[in-house]
Amino acid sequence: MLYYLFTYLHNHFNLPGAGVFQYISFRFGMTVILSLVITTVYGGRLIGLLRKKQVGETVRSLGLEGETQKQGTPTMGGLIIIAGILLPTLLFAKLENIYVVLMIIATVWMGAVGFIDDYIKVFRKNKEGLAGKFKVVGQVGLGIIIAWTMYYHPSIVSRQKVNGPVKGENIEIQQNFDGTKSYYNVEVKSSKTNIPFYKNNEFDYGKVLSVFGVPDGKYVFFVFLAFVVFIITAVSNGANITDGIDGLATGTSAIIGVTLAILAYVSGNSIFADYLNIMYIPNSGELVVFAGAFVGACVGFLWYNSYPAQVFMGDTGSLAIGGIIAAFAIMIRKELLIPVLCGIFLIELVSVIMQVSYFKYTKKKFGEGRRIFLMSPLHHHYQKKGYHESKIVTRFWIVGIILAVITIVTLKVR
């Protein structure tokens, strides 16, 4: 909204300084600052309200050190994160941008699913919360919205090099950096995405079924939909499982958010995209503004969520964070980098799957269940080994930073 106000003042009254709102970098900085202010200043008031309403966490006895002190700590703090994301985005982003609209939908949608889960746990006194199948329905629903919009919306295109000349709209003639060769760029609907560690770094969803003899281009939407639903479900569940000790999911998500902002900036800038030989996605640079709000909200929430936590985000926050990261990566065509960038979420999720699967297998085969880890998810395994929460979180953050650097490096290393 402020973007439109200052754009109007700049265009009609030539107000000094109003033109800075045209720059994504300026609006990125402003969303980070405003998000930090909202989460730190007003977060404390929300925590007080949650305490007054007795919205406290019921901690199950897992035999972990310090867990009794967490009994009654306010939960549903994800509302702070969602407010810290939505308000700066509404003020500083271009609200007609389809990518921004989709990110707002993803935030509200998954936040609502998580809120229902927390509400059932806290107010209905049902420790199981929302049934797993309904969570999956919510995740699949968001996947359908994202996939359908990206596949059919006319504004979501990518720019590709073609052997010209060609006729049509949105065509651009460019030269190589050394000026040796001209080529034509055209904006087209595409089922391609970037693939890391590979020289010709584009993967086409339309060719997946060709290995089974299905003609190229047929049923492409359903292949794309399956990938999108799987990614959103996996990442949101991974974030949810990672949110087990103070500050772990929040700090890790902030690191991922900064990386996604960098990837969105280069993907939405034709010069950088051409230099890095990645897909140029027109108008996707506006996602950098949203990423600023996301990073600011996560860092601001750490003010209260770092050890010892004064508030937990609950599923309201963790499911929303996971949905945001997955949707963001899909929109900038970097979803195949998720196993690297979101490696912490992945290993936490895999540790649970391995533990449960192995326990069931050994119980069926030997009559008693056996475990791979002392406890899953993986962060609880290290707690059982005697590591303090703060040390575990700090080391996981370091690993997250390393994975983020590797993710950025993949832009050039092929």
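All residue numbers for the sequence shown refer to my numbering, where the first residue is 164 and numbers rise by one.
Even glycine gets a Cβ: it sits at the ideal position worked out from N, Cα and C.
Legend entry - Alpha carbon of Ala472 to alpha carbon of Val299, nearest angstrom: On the sequence shown, residue 472 is found 309 positions in, with the first residue counted as 1. On the sequence shown, residue 299 is found 136 positions in, with the first residue counted as 1. Approximately 29 Å between the Cα atoms of the pair.
Legend entry - Buried or exposed (CB count within 10 angstroms, at least 16 for buried), Phe385: On the sequence shown, position 222 is the one that residue 385 refers to. Result: exposed.
Legend entry - Cβ pair count under 8 Å reaching 3, the stretch 508-526 against the stretch 270-286: no
Inset, instruction - Pick out whichever of Pro502, Asn446, Tyr467, Ile488 has its Cα sitting closest to the Cα of Thr187. - result: As a first step, residue 187 is located in the sequence shown; it is residue number 24 there, counting from the start. A small fix is needed here, since residue 187 is Ile in this sequence, not Thr. Answer by Cα proximity: Asn446.
Inset, instruction - Could you tell me which of Leu372, Phe297, Ile493, Arg533 sits nearest to Trp311, measuring between CA atoms? - result: On the sequence shown, residue 311 is found 148 positions in, with the first residue counted as 1. Looking at the Cα atoms, Ile493 is the closest of the given residues.
Inset, instruction - Assign Asn468 to one of three DSSP states: helix, strand, or coil. - result: For the purposes of this step, residue 468 is identified with residue 305 of the sequence shown, where counting begins at 1. Helix, per DSSP.
Legend entry - Whole-angstrom C-beta distance between Leu388 and Gly306, which should lie under 8 Å: As a working note, residue 306 is residue 143 in the sequence shown. As a working note, residue 388 is residue 225 in the sequence shown. So it is a contact: roughly 7 Å between Cβ atoms.
Inset, instruction - Indicate the three-state DSSP secondary structure (helix, strand or coil) for Arg208 in the structure shown. - result: As a first step, residue 208 is located in the sequence shown; it is residue number 45 there, counting from the start. Three-state result, Arg208: helix.
Legend entry - Assigned exposure category for Gln518 - 16 Cβ within 10 Å defines buried: Along the sequence shown, read from residue 1 onward, the residue named residue 518 stands at position 355. Burial call: buried.
Inset, instruction - Go through its chain and collect everything with a Cβ distance to Val263's Cβ below 8 Å, but skip five positions before and after it. - result: As a first step, residue 263 is located in the sequence shown; it is residue number 100 there, counting from the start. Cβ neighbours of Val263 beyond the five flanking positions: Thr252, Ala256, Lys257, Glu449, Leu450, Val452, Phe453.
Legend entry - Supposed close pair His542, Ile408 - CB separation, criterion 8 Å: As a working note, residue 542 is residue 379 in the sequence shown. As a working note, residue 408 is residue 245 in the sequence shown. Going by Cβ atoms, the distance from His542 to Ile408 rounds to 5 Å, so yes, they are a contact pair.
Inset, instruction - Round the Cβ separation of Thr270 and Ala483 to the nearest angstrom and send it over; I've been treating them as touching at under 8 Å. - result: In the sequence shown, residue 270 corresponds to position 107, counting from 1. In the sequence shown, residue 483 corresponds to position 320, counting from 1. At roughly 6 Å, the Cβ-Cβ gap stays under 8 Å, so Thr270 and Ala483 are in contact.
Inset, instruction - Report all residues from its chain with a CB closer than 7 Å to the CB of Leu411; omit the five preceding and five following residues, and keep chain order. - result: Your numbering for residue 411 matches position 248 in the sequence shown. These residues qualify, in order along the chain: Thr405, His542, Val556, Phe559.
Inset, instruction - Classify Ile434 as buried or exposed, calling it buried when 16 or more other Cβ atoms lie within 10 Å of its own Cβ. - result: What you label residue 434 is simply residue 271 of the sequence shown in a count that begins at 1. So Ile434 counts as exposed.
Legend entry - Backbone CA spacing between Gly563 and Ile487 [nearest angstrom]: Your numbering for residue 563 matches position 400 in the sequence shown. Your numbering for residue 487 matches position 324 in the sequence shown. Roughly 17 Å between the two C-alpha positions.
Inset, instruction - Note the first and the last residue of the continuous beta strand (DSSP E) segment covering Phe360. - result: In the sequence shown, the residue the question calls residue 360 occupies position 197. It is not in any beta strand (DSSP E) - Phe360 carries neither H nor E in the DSSP assignment.
Legend entry - Beta-carbon proximity of Lys362 to Ser321, cut-off 8 Å: Walking along the sequence shown from the start, residue 362 turns up at place 199. Walking along the sequence shown from the start, residue 321 turns up at place 158. Cβ atoms of Lys362 and Ser321: not closer than 8 Å.
Legend entry - Check whether Leu499 and Pro359 have beta carbons under 8 Å apart: Translated into the one-based positions of the sequence shown, residue 499 becomes position 336. Translated into the one-based positions of the sequence shown, residue 359 becomes position 196. Yes, the Cβ-Cβ distance between Leu499 and Pro359 is below 8 Å.
Inset, instruction - Examine the Cβ distances between the stretch 169-183 and the stretch 206-216 and report whether three or more of them are shorter than 8 Å. - result: no
Legend entry - Sequence-distant residues of its chain with Cβ nearer than 6 Å to Leu199 (five each side left out): Along the sequence shown, read from residue 1 onward, the residue named residue 199 stands at position 36. Excluding residues within five positions, the ones whose Cβ falls inside 6 Å are Gly459, Gly463.
Inset, instruction - Give me whichever residues DSSP pairs with Phe375 in a beta bridge. - result: Here residue 375 refers to the residue found at position 212 when the sequence shown is read from its first residue. For Phe375, which the question treats as bridged, DSSP gives no partner whatsoever.
Inset, instruction - Starting from the C-beta of Tyr382, find all residues in its chain whose C-beta is less than 8 Å away, skip the five residues before and the five after it, and write them out in chain order. - result: For the purposes of this step, residue 382 is taken as the residue at position 219 of the sequence shown. Taken in chain order, the residues that qualify are Leu372.
Inset, instruction - For Glu511, write down the residues that DSSP places opposite it in a beta bridge. - result: Within the sequence shown, the letter at position 348 stands for residue 511. Per DSSP, none; premise fails for Glu511.
Inset, instruction - Could you check the C-alpha separation between Ser583 and Ala294 for me, to the nearest Å? - result: Any answer about residue 583 is impossible in this case: the structure gives the chain only from 164 up to 577.
Legend entry - Exposure of Val398, with buried meaning 16 or more beta-carbon neighbours within 10 Å: By 1-based counting over the sequence shown, the position of residue 398 is 235. Answer is buried; the Cβ neighbour count reaches 16.
Legend entry - Close beta carbons around Ile283, own chain, < 6 Å, minus the five adjacent residues each side: As a working note, residue 283 is residue 120 in the sequence shown. Answer for Ile283: Asn289, Gly292, Leu293, listed in chain order.
Legend entry - Buried or exposed by the 16-neighbour rule on C-beta atoms within 10 Å, applied to Gln302: Here residue 302 is taken as the residue at index 139 of the sequence shown, counted from 1. Gln302 is classed as buried because its beta carbon has at least 16 other beta carbons within 10 Å across all chains shown.
Inset, instruction - Identify the continuous beta strand (DSSP E) that holds Phe536 and give its terminal residues. - result: Numbered from 1 along the sequence shown, position 373 holds the residue referred to as residue 536. Phe536 -> no beta strand (DSSP E), and no H or E assigned at all.
Inset, instruction - Going by DSSP, name the residue or residues bridged to Glu365. - result: Numbered from its first residue, the sequence shown carries residue 365 at position 202. For Glu365, which the question treats as bridged, DSSP gives the partners Asn357.
Legend entry - Residues of its chain near Ala427, where Cβ-Cβ distance is below 7 Å and the 5 sequence neighbours each way are ignored: Position 264 of the sequence shown, counted from the start, is the residue given in the question as residue 427. Counting only residues of its own chain and dropping the five nearest sequence neighbours on each side, Ala427 has a CB closer than 7 Å to the CB of Ser447, Gly448, Leu450, Val451, Ala454, Ile495.
Inset, instruction - Pick out the complete alpha helix (DSSP H) segments inside the stretch 419-479, 4 residues or longer, and give them in chain order. - result: 433-439, 450-468
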